[in-house]
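Per the numbering used here, numbering of the sequence shown is gapless, rising by one per residue and ending at 598. Think of the CB as a built atom: it goes at the ideal place given N, C-alpha and C, for glycine as much as any other residue. Below: one structure, written as structure tokens.
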Amino acid sequence: MEREFGTTKAADRSLREFSSRKAFMLHCMSDLQAIANDLNCDANVDFLRSMKSKLSEEGFNIVVLGGFKRGKSTLINAMVGSGILPTGVVPLTSVITKLRYGTKTEAEIAFNDGKRMIVDVTSLNQYVTEKGNPGNTKNVAEVDLHVNSSLLGNGAVIVDTPGVGSSYERNTLVTYDFLAQVDAALFVFGVDPPISQMELEFLDDIKGNSNVMFLIQNKIDMLDKRESEEALNFSRSVLIESLKDPDLRVFPISAKLALEAKEDGDDEKLIRSGYIELEKEVMNFLATGKGEIILASARKRLLKVVSDLFAEVGIERGILCKPVVETNEKIDWLQREIQAARRRLDEMDSLVDSRVSRIINQFTQRLEEIKNSARLTLVPSLDAFLQSMPETSGRREYLEAIQKFIAEAIKNNYGPFVKSANEEISKGLRLVAIDSSTETDRSSENLMKRAADVFGVTMRPTDFPEIVLDESRFYFDHISVLKCESIVPAELPLILPNRLYRRNLARKARQVMMDEIEKHAGRIRYDIDYRLSESSRRLKSEVRSRMLLSVESMETALRMGMESRSLDSRIKDSQLKDLGNIEGRLKAVSIKLADAQR
Ligand SMILES: Nc1nc2c(ncn2[C@@H]2O[C@H](COP(=O)(O)OP(=O)(O)OP(=O)(O)O)[C@@H](O)[C@H]2O)c(=O)[nH]1
Ligand SMILES: [Mg+2]
């Protein structure tokens, strides 16, 4: 039998609770899907189907990052309680490896050409390690490792990344590329050395990309108690200084001891390893942060479907019960209202478009100003820097200093703008989203209330859920500052006398500085434009689909009601009974959903 790998109980609880609440929501969705199906409301059936598949895939990406050989893969092994990932003393992991839940433990290799292949975990090192797959000659895109662990079963996906800063430059790039998909990042560093400049730079680069960063000092078993306290104090103070966060927490752990403890079922050792605290914090953060948002948004969407379906039942019943002449007028009225609601949607689209282009213009204008002032100030400051360099410094040193100067100048020039643009654009977009959602929800609610009134449907105020705002749909992908290109010295003949060499290099450096100013502004402008347009497209389609759901369920009610009017009274009676039945099922789901909030 396949073995199940465990997590600690306390840490597991929060995620387990998330996963059982998620299962409950999925259950409600299936109930509603069956009801919508019985009401012939295809739009709601499709909506519920896609919502179900989205929610069942919803989980948390926990990504383990850090310098090479710090114990990232060992930590993941400790998390799932099994030495499944290859670990070792030479730089090893070279491919992104995702650990997902599976009843059977096996590895699925995805290649760059789209092919996939299942292999036994014992041959994993043939694909994910530098030794088995040097320079990724096997063209592996990533590896999905299916593991039967309760932590993964409850929705976590743990990602192992190649260590940054190893002699394999490509591995560092693989890791940078992956950062956009992170829910929680675990940053692992060691005790000896406690934390290096390279690690601080990496942290500085990635800090804007992840929701939260857990800082982990691994390998504390290599030191005695006093030494490990010293190491912890040292790295904490360096990190506070560098990340400008006086309250940051560092988790001292031994991944090696934690893994041994889990494998041997040794609780005392597990406590000693410091691992339990870390796991508890990470799981709590995920379940109460992202998890709450996912569940609350699912619940609100379901309440909206419930209210649409209630109205549908009521309208259909209204048409069936009342005399034809009386209902004809009502039907005409509702049809006109539905047309008007569709027109309001188009107006809403253009309103969102114009507000988003105003944001784009505002920021591109500010960017243009920053670029222009950089052109006036950065070259003179480069010249001043060049003048200050001592004549005695070597050519290589000279070149490196210039490159560093340009990179710093560009980062300082655009960095603060990018940071504030990210914050302000996210805020601005949120406002647009709130306004357009509120407006659409209000007009759909009004339409429904009046239709209910006209057709004599009794609806309680709670049948109209509050605004549904799905934050994840219109989030804004943050922009970042690119790395600078190097000055290529090859064009400068080395035989040039020093003074001439320097003069030529200075000229080239000025050119590179000007090019970098342009290039960065262009890239940032493109990013603002592209990402905002993407967010606005997502927002419009979200708002539209919500309104259309209400409109389409009313149209179905009208169609079904009218089709049944001409039927003989016995069939009509039986249809009315069916509608009563459906209404009862709907009530049951709405009570279940109301309970879910408690
Ligand atoms: N003493 C001690 N050794 C550890 C600990 N965690 C990991 N190691 C050792 O450190 C070495 C590197 O561990 P890995 O887990 O392969 O490190 P990694 O960060 O995944 O390395 P790359 O994939 O190459 O970036 C191995 O020899 C591990 O046994 C620990 O807590 N204590
Ligand atoms: Mg590794």
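What three-state label does DSSP hand residue i in the structure shown?
i: D192; result: coil
i: V95; result: coil
i: S254; result: coil
i: G66; result: strand
i: E106; result: strand
i: V212; result: coil
i: P457; result: Here residue 457 is Val; the residue named in the question, Pro, does not match the sequence. V457 falls in the coil class under three-state DSSP.
i: V182; result: coil
i: I118; result: strand
i: S472; result: Because S472 carries a pLDDT of 43, less than 50, the predicted location of this residue cannot be relied on, and no value is offered for it.
In angstroms with no decimal places, state the Cα-to-Cα distance between residue i and residue j.
i: S373; j: Y414; result: 11 Å
i: G67; j: F189; result: 7 Å
i: N328; j: E563; result: 13 Å
i: K225; j: Q197; result: 25 Å
i: E263; j: R272; result: 15 Å
i: R358; j: K371; result: 20 Å
i: N77; j: K22; result: 26 Å
i: V432; j: K419; result: 20 Å
i: T440; j: R525; result: 31 Å
i: A557; j: S20; result: 35 Å
i: T7; j: I402; result: Low per-residue confidence applies at T7: pLDDT is 49, beneath 50, and the placement is therefore not dependable enough to give any value.
i: F24; j: K52; result: 11 Å
i: E268; j: L15; result: 24 Å
i: K322; j: R537; result: 43 Å
i: R450; j: Q33; result: 26 Å
i: D383; j: D515; result: 16 Å
i: G289; j: G580; result: 40 Å
i: N171; j: S50; result: Low confidence applies here, because N171 scores a pLDDT of 49, under 50, leaving its location unreliable and the question unanswered by this model.
i: V589; j: L203; result: 47 Å
i: L379; j: M513; result: The question names Leu, but residue 379 is Val in the sequence shown. Looking at the two C-alpha atoms, the distance is approximately 7 Å.
i: V157; j: L320; result: 52 Å
i: D573; j: S30; result: 28 Å
i: L85; j: I96; result: 12 Å
i: V63; j: S237; result: 24 Å
i: L151; j: M79; result: 8 Å
i: L539; j: D120; result: 43 Å
i: V457; j: E555; result: 16 Å
On the DSSP bridge assignment, give the partners of residue i in chain order.
i: P390; result: Answer is none; P390 lacks a bridge partner.
i: Y501; result: Per DSSP, none; premise fails for Y501.
i: R366; result: Answer is none; R366 lacks a bridge partner.
i: N61; result: V157
i: V356; result: DSSP output for V356 lists no bridge partner at all.
i: Y101; result: V147
i: D164; result: At residue 164 the sequence reads Val, which differs from the Asp that was named. Paired residue(s): G67.
i: F310; result: Per DSSP, none; premise fails for F310.
i: F187; result: L65 and L215
i: F111; result: V140
Assign residue i to buried or exposed, taking buried as 16 or more other Cβ atoms, counted over all protein chains shown, within 10 Å of its Cβ.
i: I118; result: exposed
i: H27; result: exposed
i: E130; result: buried
i: D183; result: buried
i: K304; result: buried
i: D245; result: exposed
i: Y530; result: exposed
i: V274; result: The sequence shown places Gly at residue 274, rather than the Val named in the question. Flag for G274 reads buried.
i: S82; result: buried
i: Q339; result: exposed
i: S123; result: exposed
i: G522; result: exposed
i: D160; result: buried
i: S550; result: buried
i: R301; result: buried
i: I495; result: exposed
i: I220; result: buried
i: N412; result: exposed
i: G394; result: exposed
i: I591; result: exposed
Under the criterion of a Cβ to heavy atom distance below 7 Å, does residue i qualify as lining ligand 3?
i: G83; result: Absent from the structure shown: ligand 3. Ligands present: ligand 1 and ligand 2.
For this session: Could you pull out every unbroken beta strand (DSSP E) segment of at least 3 residues lying fully inside the segment 120-158, listed in chain order?
Result: 140-147
Problem set entry | Residue ranges of each alpha helix (DSSP H) within the segment 212-294, 4 or longer | 225-243, 255-264, 267-272 and 275-288
Problem set entry | Continuous beta strand (DSSP E) assignments of at least 3 residues falling wholly in the segment 387-427 | none
For this session: Would you list, in sequence order, the uninterrupted alpha helix (DSSP H) runs of no fewer than 4 residues that lie entirely inside the segment 497-573?
Result: 498-565
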